[in-house]
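This report concerns only the one structure given below.
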Amino acid sequence: MVREALSELERARGLALGAALRRARGDMPVRELAARCGLAEETIRKIERGGVPTPALFTVAAIATVLEVPLDDLVRAATGTADSAVA
């Protein structure tokens with residue numbers, strides 16, 4: 039099966055999501071976040087830099103839970119809708 043290329047919008051959303059997660063992580067080391075949410079460090083790094091523009095819902099949910107960020111806030115940050123500041 040061949041996956042279709044991502045659109046510019048999908049890429050932009052992935053970059054925005056990654057930036058929001060990076061901001062929410064603050065000073066927490068990637069290693070600690072990975073351990074706390076049961077993911078590989080590289081997975082988190084890829085998401086944060088936009089290398090995985092469409093990460094799985096449960097992956098994002100695990101990160102959001104550890105960072106105590108509502109998924110709604112991440113969606114707003116990724117789509118550029120009102121009140122998209124995730125801190």
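Each residue of the sequence shown is one higher than the one before, starting from 39 at the first, in our numbering.
Glycine included, C-beta positions come from ideal geometry on N, C-alpha and C.
Could you give the C-beta distance for alanine 115 and leucine 55, rounded to a whole number, given that I count them as a contact under 8 Å?
Taking the first residue of the sequence shown as position 1, residue 115 is located at position 77. Taking the first residue of the sequence shown as position 1, residue 55 is located at position 17. That pair is a contact at about 7 Å.
Looking at arginine 102: is its Cβ nearer than 8 Å to the Cβ of leucine 112?
Working through the sequence shown from its first residue, we reach residue 102 at position 64. Working through the sequence shown from its first residue, we reach residue 112 at position 74. Contrary to the premise, residue 102 reads as alanine rather than arginine in this sequence. Cβ atoms of alanine 102 and leucine 112: closer than 8 Å.
If the criterion is Cβ atoms closer than 8 Å, does the pair glutamate 80 and leucine 59 meet it?
Reading the sequence shown from its first residue, position 42 is the one you call residue 80. Reading the sequence shown from its first residue, position 21 is the one you call residue 59. No.
Where does valine 40 land, buried or exposed, given buried means 16+ other C-beta within 10 angstroms?
Translated into the one-based positions of the sequence shown, residue 40 becomes position 2. Counting Cβ neighbours within 10 Å, valine 40 comes out exposed, since fewer than 16 surround it.
Is alanine 116 helix, strand or coil by DSSP?
Residue mapping note: residue 116 aligns to position 78 of the sequence shown, counting from 1. Helix at alanine 116.
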